[in-house]
Amino acid sequence: MRNQIRRRGTRRNPIRRRDTVSEIPDELLLTILSFLPSKDAVATSAISKRWKSLWKEVKTFRYDDPYPLTFNMFALFIRSRSSVDILQLKLNPGFSRTNINPLVKDAVARSLRELRIEMLYISFELPQCLYFYPQLETLILQKLSLVDIPSNVSLIGVKKLHILSVRFSSDESVIKLLSICPLLEDLVVRRSLYTNVMIFTIDVPTLKNLYIYNSWKSRPEGVHGFVVNAPSLRCFNIEDSFSNYLRFANMPELVKASVNIVCDQPEDILGSLASTRHLSLCLQTPYLPLATSFLFLDHLELFSCPSQWCNLLKDAPILRVLKLYQKHSQSNDVNDSWNQPISVPECLMSHLEIFEWRHYNGTDEEREAAKYILGNASCLKKASFYSKSARKRDILKELESVARGSKTCMLVFE
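Numbering (the UniProt record's numbering), first residue to last: 1 to 414.
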């Protein structure tokens with residue numbers, strides 16, 4: 001018996017372990033290496049014969065070491081490369097312009113296309129070699145104090161610009177930076193406690209995509225916010241619960257918008273979005289206006305109570321997809337009660353196909369609104385309700401018994 005046990009214990013596992021790393025194609029490995037600091041990417045050459053020269057094909061170079069001595073070594077390393085597509089620098093306050101400018105100049109000489117600089121809140125002046133350099137397409141500035149742009153210069157190739165927690169000498173300096181980017185199409189702006197600009201004015205006729213994030217912990221004193229004039233804009237995303245001054249000009253080319261803001265003048269905001277086809281809307285406002293028409297709106301996501309979103313249905317005649325995220329009132333305001341429209345909105349009678357309601361709790365107001373949608377949406381193909389209520393089973397049974405205007409509607413409960 002003991003011999004049998006020994007023989008069983010020494011038997012090898014017939015299933016061989018697969019070397020999954022060896023099966024990864026070089027293209028994917030190069031992508032992974034591009035996310036590493038350059039010193040770590042080079043260190044992978046010691047892994048195996050295959051990895052020995054793989055790092056040499058990486059065109060993205062990252063530096064985030066706090067020691068100036070290693071920066072000098074990194075600069076020599078960049079000088080030894082034949083091509084530098086992307087250069088990313090994260091520098092501490094010990095670095096100066098004399099350290100940065102020669103490095104950026106060497107990268108420009110090697111066909112630099114994207115530059116990212118994070119300076120940890122120290123003064124930074126754009127290197128002269130970037131002006132009138134046509135191959136730089138993306139410029140990302142983060143956590144730095146930008147020195148005023150000189151006169152008669154241009155970032156002639158920049159199409160993507162990120163301004164992330166950047167300090168400027170004045171509000172006008174923002175306007176100057178944007179004005180020297182004649183081909184700018186994508187802009188990302190992030191405000192934080194470090195940002196000193198009061199009114200961000202974004203007046204860019206070529207802009208197609210705009211993303212605004214305001215991450216203040218509380219509202220600062222004075223007038224602060226954003227003014228946007230971008231007639232070519234196609235995608236607009238703003239998350240801002242702190243600004244008290246928001247002005248958006250008409251966006252006739254807008255296709256997709258996501259708006260999450262505090263707003264005391266919703267008429268102006270919604271009016272500028274009237275051309276969009278896909279809208280995600282969360283307005284912290286006491287009311288939604290009745291006069292805005294969304295003639296092209298196909299997909300609508302709303303974060304509000306039924307008393308507010310029912311007003312928008314009649315203003316979106318070709319709405320096909322409606323997704324609701326219940327926002328419960330903090331008070332018992334009578335304005336939050338469901339008021340059935342006088343006439344059935346056109347979108348319910350002839351277009352709405354997909355209806356989704358998340359955070360559905362089956363209150364009297366919600367139940368009446370759900371019955372109205374299900375009973376009048378004659379083209380509805382699918383209606384989904386998501387609930388975490390303790391009464392979930394009873395709530396869903398109530399919905400199941402509701403008469404539906406569409407005979408082909410599939411009801412989904414989760």
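The beta-carbon is built from N, C-alpha and C at its ideal position, and this holds for glycine as well.
Note that the structure is a prediction, hence the values are computed from the model and not measured.
Put simply, of LEU177, LEU89, PHE124 the residue whose alpha carbon is nearest the alpha carbon of ALA107 is LEU89.
Around the beta carbon of ASP394, a 10 Å sphere encloses fewer than 16 other beta carbons of the protein chains shown; the residue is thus reported as exposed. Within the region 341-411, the beta strand (DSSP E) runs of at least 3 residues that lie entirely inside it are, in chain order, 354-358, 382-385. Judged by beta-carbon spacing, SER192 lies beyond the 8 Å limit of ARG167, meaning their Cβ atoms are not closer than that value. For ILE199, the pairing in a beta bridge is given by DSSP as GLY225. Here GLU253 is near ARG234, since their CB atoms are less than 8 Å apart. With contacts defined by Cβ atoms closer than 8 Å, VAL158 and LEU141 do not form a contacting pair.
Distance from the CA of SER80 to the CA of ILE202, rounded to the nearest whole angstrom, comes to 40 Å. Where ASP240 is concerned, the enclosing beta strand (DSSP E) starts and stops at 235-240. When the beta-carbon positions are compared, LEU120 and LEU87 stay at least 8 Å from each other. DSSP places ASP186 in the uninterrupted beta strand (DSSP E) bounded by 186-191. DSSP places GLU118 in the uninterrupted beta strand (DSSP E) bounded by 114-118. Under the three-state reduction of DSSP, CYS282 is assigned to strand. In the structure shown, ARG79 falls within a helical segment according to DSSP collapsed to helix, strand and coil. For SER272, the enclosing alpha helix (DSSP H) begins and ends at 266-272.
In this structure, the beta-carbon distance from THR206 to SER232 falls below 8 Å.
Between ASN209 and ASP186, the C-beta spacing is below 8 Å.
By alpha-carbon distance to MET349, the top candidate from PHE242, LEU164, SER406 is SER406. Residue environment for LEU161: buried (at least 16 other C-beta atoms within 10 angstroms of its C-beta). SER154 is the residue among SER154, VAL344, THR276 whose C-alpha sits nearest the C-alpha of TYR131. Straight-line spacing of the CA atoms in ARG358 and SER387 works out to 7 Å. Close CB contacts of LYS381 within its chain, under the 8 Å cut and outside five residues either way in sequence, are with GLU353, ILE354, SER406, THR408, CYS409, MET410 (chain order). Distance from the CA atom of MET198 to the CA atom of ASP148, rounded to whole angstroms, is 17 Å. Of the candidates GLY94, THR363, ASP240, the residue whose Cα lies closest to the Cα of ASN260 is ASP240. Going by DSSP, GLU301 is part of the beta strand (DSSP E) stretching over 299-304.
With a cutoff of 8 Å on beta-carbon distance, LEU313 and PRO345 are scored as near each other. Bridge partners of VAL321 according to DSSP: HIS299, ILE354. Nearest neighbour of ILE175 by Cα position, chosen from THR138, PHE294, PHE226, turns out to be PHE226. Secondary structure of ILE156 (DSSP, three-state): coil. Within its own chain, the residues whose Cβ lies closer than 8 Å to the Cβ of CYS129, once the five positions on either side in sequence are excluded, are ASN101, VAL104, LYS105, VAL108, listed in chain order. Per DSSP, ILE140 is not a residue of any alpha helix (DSSP H); the beta strand (DSSP E) it occupies stretches across 138-142.
Taken atom to atom, the span from the alpha-carbon of LEU115 to that of THR138 is near 6 Å.
Distance from the CA atom of TYR63 to the CA atom of PHE71, rounded to whole angstroms, is 8 Å. Residue nearest to ARG190 within the set ILE78, ILE163, ASN361 is ILE163 (criterion: CA-CA distance). Between SER272 and ALA249 a beta carbon distance of about 6 Å is seen, short of the 8 Å cut, so the two are scored as contacting.
Rounded to whole angstroms, ASP65 and ALA370 show a C-alpha spacing of 57 Å.
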